[in-house]
Amino acid sequence: MSYGYSQQLAERNRTANGKLLGVALGRVCIRYDIPVTTVAKTLKVTRATVYNWFAGTHAPHIKYSDKIKELIEKYRG
17 MSYGYSQQLA ERNRTANGKL LGVALGRVCI RYDIPVTTVA KTLKVTRATV YNWFAGTHAP
77 HIKYSDKIKE LIEKYRG
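Numbering (the numbering used here), first residue to last: 17 to 93.
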């Protein structure tokens with residue numbers, strides 16, 4: 017995990033509800049080592065927002081749903 021994903025974040029993501037879109041995005045980003053900064057810039061949100069999505073503590077606003085789904089598919093390759 018060269019982009020600084022802590023063990024704590026990885027654990028919170030792993031135990032969070034995988035049906036949540038932000039958690040699903042987090043699992044892909046952690047697995048494929050996609051930087052949070054890249055996701056945040058792409059979606060025009062803060063890195064803290066992305067970390068909260070990854071951890072499942074906050075859900076992305078519906079206006080981000082389509083773009084997040086696109087990113088998940090893109091990053092999965």
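By construction, the Cβ of each residue, glycine as well, lies at the ideal position given by its N, Cα and C atoms.
By the 16-neighbour rule on beta-carbons within 10 angstroms, residue 78 is exposed. If you compare the alpha carbons of 88, 39, 20 and 81 with that of residue 68, the shortest gap goes to 39. The three-state reading of DSSP puts residue 33 in coil, since its state is none of H, G, I, E or B.
When only Cα atoms are considered, residue 76 and residue 20 end up about 22 Å apart. In this structure, residue 52 and residue 61 do not form a Cβ contact; the two beta carbons are roughly 10 Å apart against a cut-off of 8 Å.
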